[in-house]
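*Asks:* Take any residue in the sequence shown, count from 1 to its spot, add 8: that is its number in the numbering used here.
Take this structure, written in structure tokens, and hold onto it; I'll ask about it next.
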Amino acid sequence: MEWYQYAAVCAVACATTIALVPAVRVLAFKLDAVDYPSERRVNKKPMARMGGLAMFGGMACALLFLWVCVRFFGWKDPFNTVFGSMIHFPGVFLGIALMFFVGFLDDVKDLKPIIKLFGQILAASIVAACGLVISSIHNPFGEGYIFFGIWGYPLTVFYLIAFTNVINLIDGLDGLASGITVITTATMFVFALLTGRFEAAIISIALIGACMGFLRYNFHPASIFMGDSGSHLLGFTLGIVSLLATTRSVLFVSLLLPIIAAGVPIIDTAAAIIRRVRGHQPIQQADKGHIHHRLLKEGFSQRTTVLIMWGWTLVLAVCAIFITEMDNEWRIPFIVLAIGVSVFFVFKLNLLTPTLLHHYNPRPEIGAKRARQEFNRASDDLASRRNMTSTDAAEEPGDNPSATRDASYPEE
């Protein structure tokens, strides 16, 4: 494909996302898909959290635009490659749609963790069943490949779910997750072009366009959050792109590319697990010990915190490209740089130190039911104050001899 074709797909995804966000924001408030202020959240007012719907629409329109151009305007089909022929891409897109839908339901209905995990496993299993499997890796100790056989399927499912959830966990500040996804996906886009994986490149550029369009509304001060619908869509698609770009690569080190490029959310997730185990807390227990929480405690503003984490991600992404593309001895400085920067942040911000448990405010109810509850609560409070007033009046010193005695002659 030519550069202008990638640019056109990116532009369609970006423009469509921008156009959809206002309508999605209105729909989110109607469905009560809203993040209300609480002890753990940084937003000070109710915020629509269903932005993933706009990004999903942006990506879908971009891929539909691509299909029209291939079908009627003679564009080269990026999915018609030797590697792509082994994968059933309609099924892969179905898996992406299902993962988005799981996140969408969680935004609206607050799914139980076990139900959400089941949906994630189902979506990842569909993708693996469609041929996108970590079936083998290049043997780092000799010639040929190491084959995983049937174990490649659960390994792929675990890999895709892990990518989905690391993006979900990093989504804590305005523009943070979408910006990190842009940088990481751009890294995969470059690598896909260098290795001729055009199917990975076109999905990457559609994802980049959708995220850039969403940042128009999501960068601080945000007017909408992506919610689980967005984080599930971004993480899962990023995992798929990384598999498309690196699977069956002749270089074993290329498998480290997505892990290094997505190092910030991966480090944040790993640190959270260690921190909660050390603090004898459940692994799924939310806390205020994530990277962005620590940076905010250091005195940085929301915008500066996001820019710092974007910069950290950019350093890791550039290092990942050089590590995969350079010869053995030339990789060492970039490996040292990536490790050094990450270790500095981990210990400087005390990411492994346990934090106290927090109790979070439940999502308030809306509508007539909410109004009735507020009225009943106010009536009960008024009645309680009247009872207390009458009791205090009955116990005034003039009315109660014992009270007068105690007040006049206190015990020594």
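For every residue, glycine included, the Cβ atom is placed at its ideal position computed from N, Cα and C.
This one's a predicted model, so the numbers in the text were calculated from it and none came from an experiment.
Determine contact between the region 261-276 and the region 60-76, defined as no fewer than three beta-carbon pairs at a distance below 8 Å.
*Replies:* Counting Cβ pairs under 8 Å, fewer than three are found: no touch.
*Asks:* Compare the Cα-Cα distances from Phe101 to each of Phe112, Ala132, Ala269, Val116 and report the closest residue.
*Replies:* Walking along the sequence shown from the start, residue 101 turns up at place 93. Out of Phe112, Ala132, Ala269, Val116, Ala132 has the C-alpha closest to the C-alpha of Phe101.
*Asks:* In the DSSP output, what is Val42 paired with across the bridge?
*Replies:* Residue numbering aside, residue 42 sits at position 34 when the sequence shown is read from its first letter. The partner list for Val42 (beta bridge, DSSP) reads Ala56.
*Asks:* May I have a chain-ordered list of the alpha helix (DSSP H) segments no shorter than 4 residues that lie completely inside the region 268-345?
*Replies:* 271-286, 299-305, 310-333
*Asks:* Going by DSSP, what residue range makes up the beta strand (DSSP E) through Phe155?
*Replies:* Your numbering for residue 155 matches position 147 in the sequence shown. From DSSP, the beta strand (DSSP E) with Phe155 extends over 153-155.
*Asks:* In the DSSP output, which residue or residues are listed as bridge partners for His146?
*Replies:* Taking the first residue of the sequence shown as 1, we reach residue 146 at position 138. Residue pairing by DSSP places His146 opposite Tyr153 in a beta bridge.
*Asks:* Spatial neighbours of Ile211 within its chain, please: C-beta separation below 6 Å, excluding the five flanking residues on both sides.
*Replies:* Translated into the one-based positions of the sequence shown, residue 211 becomes position 203. These residues qualify, in order along the chain: Val249.
*Asks:* Could you check the C-alpha separation between Ser62 and Ile175 for me, to the nearest Å?
*Replies:* In the sequence shown, counting from the first residue as 1, residue 62 sits at position 54. In the sequence shown, counting from the first residue as 1, residue 175 sits at position 167. Position check: residue 62 holds Ala in this sequence, whereas Ser was assumed. Near 17 Å, if we compare the C-alpha coordinates of Ile175 and Ala62.
*Asks:* Just confirm the distance between the C-beta atoms of Asp179 and Ser239, as a whole number of angstroms; I'd bet it's less than 8 Å.
*Replies:* Position 171 of the sequence shown holds residue 179. Position 231 of the sequence shown holds residue 239. So it is a contact: roughly 5 Å between Cβ atoms.
*Asks:* Since Phe233 and Asp40 are thought to touch, with beta carbons under 8 Å apart, how far apart are those beta carbons, to the nearest angstrom?
*Replies:* In the sequence shown, residue 233 corresponds to position 225, counting from 1. In the sequence shown, residue 40 corresponds to position 32, counting from 1. Distance from Phe233 to Asp40 at the Cβ level is roughly 14 Å; contact not present, criterion being Cβ atoms closer than 8 Å.
*Asks:* In angstroms with no decimal places, state the Cα-to-Cα distance between Thr189 and Leu215.
*Replies:* Position 181 of the sequence shown holds residue 189. Position 207 of the sequence shown holds residue 215. Between Thr189 and Leu215, the C-alpha separation is close to 9 Å.
*Asks:* Could you check the C-alpha separation between Ala185 and His228 for me, to the nearest Å?
*Replies:* Here residue 185 is taken as the residue at index 177 of the sequence shown, counted from 1. Here residue 228 is taken as the residue at index 220 of the sequence shown, counted from 1. Going by the C-alpha atoms only, they are around 12 Å apart.
*Asks:* Which of the three DSSP states is assigned to Phe199 in this structure?
*Replies:* Numbered from 1 along the sequence shown, position 191 holds the residue referred to as residue 199. Correct three-state label for Phe199: helix.
*Asks:* Grouping DSSP H, G and I as helix and E and B as strand, with all else coil, what is Pro86?
*Replies:* The residue labelled residue 86 in the question sits at position 78 within the sequence shown. Correct three-state label for Pro86: coil.
*Asks:* Write down the C-beta distance between Thr25 and Gly60 rounded to the nearest angstrom, noting that I regard them as a contact closer than 8 Å.
*Replies:* On the sequence shown, residue 25 is found 17 positions in, with the first residue counted as 1. On the sequence shown, residue 60 is found 52 positions in, with the first residue counted as 1. Not quite, the Cβ-Cβ distance comes to about 10 Å (not below 8 Å), so this is no contact.
*Asks:* Within the continuous alpha helix (DSSP H) that includes Ser250, where are the two ends?
*Replies:* Taking the first residue of the sequence shown as 1, we reach residue 250 at position 242. Taken as a continuous stretch (DSSP letters only), the alpha helix (DSSP H) holding Ser250 covers 235-254.
*Asks:* State whether the region 191-198 contacts the region 266-281, with contact taken as three or more CB pairs (one from each stretch) at a distance under 8 Å.
*Replies:* Yes, the region 191-198 is in contact with the region 266-281.
*Asks:* Quick one: Cα of Gly139 to Cα of Lys53, how far?
*Replies:* For the purposes of this step, residue 139 is taken as residue 131 along the sequence shown, with counting starting at 1. For the purposes of this step, residue 53 is taken as residue 45 along the sequence shown, with counting starting at 1. Taking the straight line from one Cα to the other gives about 45 Å.
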